[in-house]
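Chains as they are written, first to last, in the working numbering: chain L, 4 to 168; chain B, 9 to 459; chain X, 32 to 367; chain D, 17 to 299.
Below is one structure, written out as structure tokens, with a few remarks after it.
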Amino acid sequence: MASTIVTFELGDDREVEVMVRPMTTLQTVLRNQLGLTATKEGCRQGGCGSCAVLVDGEPMLSCLLPVEDVAGRRVTTLESLTPTEGLHPIQQAFIDGYAFQCGYCTPGMVIVAAALLDHDSAPSVDDIRWALAGNICRCTGYGPIVEAIGAAAETIGAGQVEEPR
Amino acid sequence: MNDPLNVVGRSVERSDGIGHVTGRTVFASDHVVPGMLHLKMVRSPLHHARIRGIDTSDAERVPGFVRALTAADVPHNRYTILGLIGVEPEEEFVLAEERVRFKGEAMVAIVAETEEAAYEAVAKVHLDLEELPAVFDVEEALKPGAPVVTHWGNNTFMYEGHPCRRVRLGDVEAAFARADHIVEGVYDTSPIEHAPTETTGCIAVPEANGRYTVYTNTQALYFSLDNTSIILQVPGNQLHFVGGTVGGGFGGKVDVIVEPIATLAAMKTNRPVRYVYSRAEEMQVSSTRSAWRIYLKDGVTADGHIIARKVTSYADSGAYSRQTPYALTKHAANAAGPYAIPNVSIDAYCVYTNRQPTSAMRGFGVTMASFALEVQMDKIAELVGLDPWTIRFLNAYHDGDMKPHRKLAEDATLIETMQAAAALVGHDLAPDLKAMTSAPRGRRGEESGRP
Amino acid sequence: MTKLRGTGIAAVNYPTGMNLGGDPSQALIHATTSGSFVVSLSATDLGQGLKTVIGQIAAETLGVEFTEIVVDTADTDTGPHDMGTFASRATHRVGNAVIAAALEARQALLEVASEELEAAVDELVFDGHCNLMVKGVPARSVKVADIAALAQFKYGRTIAGRGSFMKPKSTVDPETGAMDPDSTEAHACTVADVEVDTETGEVRVLSIRSAYEVGRQVNPALVQGQIAGGAWMGMSHALYETTAPYYPAPDHSPKDFSEYLMPGPLELPEIECVVLEMPSSNGPYGVKGIGEMTANSPIPAIVNAIYHATGVRIDSLPVTPEKILRGLDAKRATPS
Amino acid sequence: MTVHSYYLPRSLPEALDLLADHGPSLLVMAGGTVVMPLINEGLSLPEAVMGLRRAGLDRLERTDGMLTIGATATLTQLLEQDAVPMLRDAARNTASWSIRNMGTVGGNLFTPPPGGDVAVALLALDATVTLASATARRDLPLADFYTGFMTDRLADDELLVEVRVPIPTAPTAYIKFGRKHANTPAVVTVAVRLAWDGGAVTDARIALGAVGPHPIRARDAERWLIGTTLGPDAIAAAASAAAKECEPFTDAIATDWYRRRMTGVFVARALEQLAPGAGGKGG
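As structure tokens, then:
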């Protein structure tokens with residue numbers, strides 16, 4: 004059970020190197036080794052979306068990824084998506100739209116929303132709903148979340164705020 | 009409302025908003041403590057069985073195994089959560105003794121250096137079980153000869169000498185005899201999981217001063233602390249519970265299941281111990297909302313007044329009752345609905361079966377009563393030829409009406425709320441319904457209309 | 032393929048709190064040297080926004096800005112006793128406790144200000160924006176922050192308050208069930224519209240429209256959040272959720288979010304609400320509890336709407352497509 | 017057993033050699049969406065695991081009349097191709113966005129309920145699977161691949177390396193019916209491909225998912241269509257035959273009764289999409 008060293012890019016500008024036992028998940032590395040606990044742990048079955056991260060810009064579930072699989076790739080967590088000052092427009096829209104209650108699903112929701120708006124700057128309501136179909140929210144009933152993402156798209160589209168990516 | 013208030017009544021931004029949207033909010037399981045051990049549970053594979061033997065010797069040989077805990081290790085192993093407010097008897101086991109009463113019941117706690125080692129050791133604990141007949145239906149469980157789930161010989165929780173929580177107002181049978189119609193219904197609901205996105209869990213950490221800090225997502229910090237203190241027979245001041253930020257509760261995190269055993273494991277190993285439910289455990293082992301079977305019998309006059317209501321309810325408590333006896337009392341207090349009914353009889357049974365235990369959930373004892381009552385109201389309306397709005401206005405309670413549990417209604421606003429709903433959906437109410445208020449009967453010249 | 036539409040209604044009441052064992056909540060408040068206030072609780076925030084609304088109630092009572100309040104719900108070493116967050120009790124119970132604590136802290140603040148401004152306590156007023164002044168004399172005004180600092184460095188006083196609220200235990204008469212189980216009642220009426228596919232039995236909930244009466248709303252946006260989330264949960268309970276799909280049989284119990292069915296964003300109906308405010312007599316600023324009740328009226332409203340659409344009465348939850356289809360089959364077999 | 021070795025071979029030969037060396041104790045994982053939950057919950061305790069994410073098996077290639085799909089091509093890749101619309105539909109109706117970015121076409125053949133939603137489409141499309149070992153390579157029609165409930169013809173030393181799909185020339189129909197509209201297990205999945213000559217059906221493939229021990233062909237239903245113009249009677253006869261010949265099961269999602277009933281309904285609805293004048297989807 005020799006440990007191995009895995010290197011990957013975290014966000015846009017940070018290279019991290021971790022020593023792990025074989026098949027440690029990216030989720031465990033982020034949370035337990037790097038202290039990046041915005042990536043949540045809701046089911047570890049791939050069913051709730053609360054551990055979503057971006058791998059080379061695409062949403063994936065960190066609970067299902069052995070960290071060895073992301074060696075050399077770029078991993079974006081909510082911490083890396085959050086600007087040093089202020090908030091990402093999606094985060095601001097979630098606050099303005101009361102698009103969370105307990106907040107446990109929120110990181111995964113924001114990650115998937117960021118990927119969606121990266122692919123499609125003006126998604127329809129239906130596009131947003133499809134994008135969120137893998138993220139469980141038990142509190143809000145989804146409506147406020149869908150609306151907040153739509154509002155964020157409009158904010159970004161109107162050029163009021165540069166999307167910090 | 010036009011009161012001169014500054015902050016109350018305003019939609020201020022949530023004070024926890026930035027923490028939630030940035031993921032900086034710290035939930036219980038976000039605490040990572042160096043040297044932390046992992047606790048996984050050996051669970052009963054059978055719905056009902058006698059425990060003949062538990063053999064942990066193979067498990068102990070798994071690399072990374074640290075400690076196994078069984079019933080004998082728990083100072084006060086049989087407890088009841090509501091013991092704190094005087095509810096008896098003590099009926100649930102932190103770790104199973106003699107019998108297991110539901111599939112998934114906790115039997116042996118395994119503590120290991122890694123989750124993987126804990127899982128492997130769990131798989132290597134050998135259980136010698138003698139399967140017993142099991143019962144899953146509330147009415148089957150009450151029949152003579154049914155498998156007995158409890159340790160006291162029958163399958164109901166006892167309320168001051170009665171097998172059910174009773175409410176009695178007026179004379180139901182006499183009112184049935186003079187009613188124009190009798191409307192009966194049976195309503196069934198199935199158990200429901202709270203499904204918070206954050207599963208139930210805690211981390212217990214031994215501190216330098218001999219105390220234990222427990223990071224937990226309980227909905228009730230002192231409830232958890234006090235029960236842990238009783239189960240472990242340690243003074244409360246040795247325990248320090250930290251939480252307050254919960255990733256969804258809905259009632260599921262009012263139970264005190266993970267903290268006592270994790271704290272015990274921390275005491276026995278002098279290491280921090282993490283015990284967080286997997287999603288499968290949350291669904292298949294943690295408490296659910298009870299399933300209910302509700303029999304309704306209403307006596308109704310030709311013009312649609314309900315003059316008598318008899319309710320016989322069975323909540324499927326599962327193998328242990330946790331908060332469910334309390335739910336039955338709340339149910340009994342509300343089982344006649346928001347209506348003024350002069351003759352009411354309610355029998356509400358908390359029934360034990362070999363199912364995963366049930367407990368509090370959002371709407372505690374009332375949600376499923378509301379389902380039954382409001383479907384029943386439509387049946388009554390159809391029978392007497394009234395529309396669904398009118399039947400409800402006709403029977404709605406007013407301030408000052410006596411509820412079945414003999415408290416006079418106050419703050420009643422059902423009528424005004426229904427008027428607002430009708431306006432919202434554009435349903436034009438008849439003028440007399442529009443003119444009604446919840447004010448006490450007899451004032452404003454309103455006819456009570458009671459037969 | 033035929034799709035049938037129907038409308039159903041339901042009206043409910045829901046009790047605030049439950050006190051069959053005595054139902055206490057306590058709060059402590061103290062001022063920091065900079066004039067912000069820390070509210071210490073052991074009550075918990077489940078996501079409903081307890082920290083926010085308790086902050087609002089504390090700010091209102093103290094007469095300071097909401098942003099000056101820090102609510103800590105974290106810790107049994109610092110937070111006084113509380114039964115916990117359940118039974119739609121927290122805003123009501125903790126709110127009342129916080130008002131009591133805030134009034135005590137406010138009195139301490141006034142006493143220090145009275146000395147500093149050389150005016151009687153009853154001559155002093157708060158402007159709600161963190162200033163205290165002598166009534167009618169705006170020039171004789173002092174910042175709460177300054178009073179807090181002076182209290183500690185000049186007068187050697189604590190600006191603090193203790194608050195407790197308890198609904199005493201009600202014993203239930205075992206024979207008649209006579210009891211006083213709750214503090215007040217909130218109300219709701221829901222109208223649901225559904226569409227039923229008669230070949231598959233599938234139900235599409237088109238809209239859930241409700242009126243609520245919840246006493247005073249401390250934070251209307253958070254009330255709306257409870258209503259929207261509850262409408263979804265009610266729909267979920269009505270049509271999807273079960274841990275025993277073939278109850279009472281224990282088989283096929285779900286182990287993950289694929290098997291445990293809950294509607295997702297694509298099943299979202301139109302959700303609309305109107306909120307009436309008729310203050311309760313005993314809640315903080317007239318509050319009633321709304322946390323739990325919002326899933327209740329949607330369930331029977333949906334079930335009644337299915338009957339209205341199809342003529343099939345389903346009296347067991349969840350109302351699955353199979354139950355509806357079997358009901359439709361039975362109805363076709365016995366034409367009325 | 018705690019995982020002692022995790023292999024991430026960089027090529028197919030390397031993967032096949034590892035498999036030959038370790039034998040069947042080597043747990044093979046593609047996207048991880050089925051295996052990882054089992055490991056995370058301690059339900060699977062393998063000693064050695066081989067991940068295929070870097071084995072170079074993820075290419076999608078269109079050559080005349082044939083779409084070749086590498087076994088580890090993701091469901092997202094399948095969603096983004098335009099050669100075979102039915103496979104796009106199948107991918108879109110499988111799981112969630114994040115899972116589609118991870119889950120693979122090859123893995124989907126082994127996914128519960130048994131056999132995934134893509135496998136149903138592939139069966140209707142007469143796909144062929146290529147199985148390789150360190151020493152040999154063979155092709156097998158997907159129709160012959162499954163042997164029973166969660167059993168198939170993949171030998172212990174073989175990997176499924178690619179799937180080849182003849183690109184259909186006539187419209188096809190694909191419906192996945194679940195209790196929800198997205199990210200949900202199938203009650204029944206129906207995939208239909210027809211060949212036509214002068215307004216008459218000359219050949220038919222009706223594949224069904226979640227109503228048998230593996231994705232199955234509704235061969236009786238197919239026979240009812242041959243020679244017809246796909247009128248209402250033919251559709252009704254085929255639907256009823258499919259409902260009769262399927263072998264549904266009961267699980268947390270639906271009973272066997274409901275699955276059988278829905279098989280008839282959705283075979284009919286799929287065929288109606290293809291009936292003359294219905295304006296079915298191209299290709």
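Virtual Cβ for every residue (Gly too), placed ideally from N, Cα, C.
Paired residues, beta bridge with residue i - DSSP
i	result
X:E301	X:S238
B:F101	B:R86
D:P25	The partner list for D:P25 (beta bridge, DSSP) is empty, contrary to what the question assumes.
D:L157	This sequence places Pro at residue 157 of chain D; Leu is not what is there. Answer by DSSP bridge pairing, in chain order: D:T144.
X:Y45	X:A217
B:A341	DSSP output for B:A341 lists no bridge partner at all.
Cβ neighbours of residue i in the same chain (closer than 7 Å, five flanking residues each side left out)
i	result
L:T143	A102, F103, Q104
B:P459	Residue placement at B:P459 cannot be trusted, given a pLDDT of 34 that sits under 50; what the coordinates show is reported in the next sentence. The answer, listed in chain order, is T309, H313, I315.
L:F1	Past the edges of chain L, shown from 4 to 168, lies residue 1 of chain L, and the structure says nothing about it.
B:A299	T197, S198, P199, D324
B:I423	F401, A404, M444, T445, S446
D:R285	I191
D:T127	V50
B:R173	Y167, L336, T337, A340, A356
8 Å CB neighbourhood of residue i in its chain, flanking five on each side removed
i	result
D:A216	G243, T244, T245
B:A76	T64, A67, E68, V116, A117, I118, V119, A129, V133
B:A57	R107, V108, L137, E138, E139, L140
X:R171	L148, A150, M164, V165
Identity of the residue in the options nearest residue i by Cα
i	options	result
X:Q57	X:M324, X:G66, X:A259, X:T122	X:T122
L:D123	L:Q95, L:A96, L:A155	L:A155
B:V250	B:R109, B:E21, B:E105, B:T226	B:T226
X:G322	X:S289, X:P285, X:G246, X:G358	X:G246
X:A144	X:F196, X:N162, X:V69	X:N162
X:E91	X:F68, X:K200, X:G159, X:A132	X:G159
D:T205	D:A99, D:F282, D:N199, D:P182	D:F282
X:L93	X:G80, X:V129, X:S71	X:V129
B:F110	B:M376, B:R363, B:V392	B:R363
L:I139	B:P204, B:N85, B:L272	B:P204
D:A107	D:H230, D:S114, D:L94, D:T271	D:L94
Cutoff 6 Å; reference residue i; Cβ partners in own chain excluding five residues on either side
i	result
B:P396	D386, A389
L:R168	Residue placement at L:R168 is poorly supported in this model, since its pLDDT is 46, which falls under 50; the coordinates are not used for a value here.
X:A41	T221, S328, P331, A332
X:A262	I239, I302, P329
D:K297	Note that D:K297 has pLDDT 48, beneath the 50 cutoff, so the model's placement of it is unreliable and no number is given.
Cβ distance (whole Å) where residue i is taken to contact residue j below 8 Å
i	j	result
X:M210	B:H413	5 Å
X:V227	X:I345	Actually they do not touch by this definition, with Cβ atoms about 11 Å apart.
B:Y127	D:L61	7 Å
X:V225	X:G37	6 Å
X:T47	X:N250	Not confirmed; about 17 Å, so no contact.
B:T164	B:P155	The pair is not a contact, with the Cβ atoms about 14 Å apart (cut-off 8 Å).
L:G14	L:S83	3 Å
D:G48	D:M118	6 Å
L:D130	L:G60	Actually they do not touch by this definition, with Cβ atoms about 17 Å apart.
Item to complete: Any chance you could list the beta strand (DSSP E) runs of at least 3 consecutive residues sitting entirely within the segment 38-116 of chain L, in chain order?
Response: For the segment 38-116 of chain L, the full-length beta strand (DSSP E) segments reaching 3 residues or more read 55-58, 61-64, 77-79 along the chain.
Discussion item. In chain order, what are the residue ranges of uninterrupted beta strand (DSSP E) at least 3 long that sit wholly in the segment 201-235 of chain X?
Written reply: Within the segment 201-235 of chain X, the complete beta strand (DSSP E) runs of at least 3 residues are 215-228.
Discussion item. Give the list of continuous beta strand (DSSP E) stretches no shorter than 3 residues that lie fully inside the segment 6-34 of chain L.
Written reply: With a minimum length of 3 residues, the continuous beta strand (DSSP E) runs that stay inside the segment 6-34 of chain L are 7-13, 17-23.
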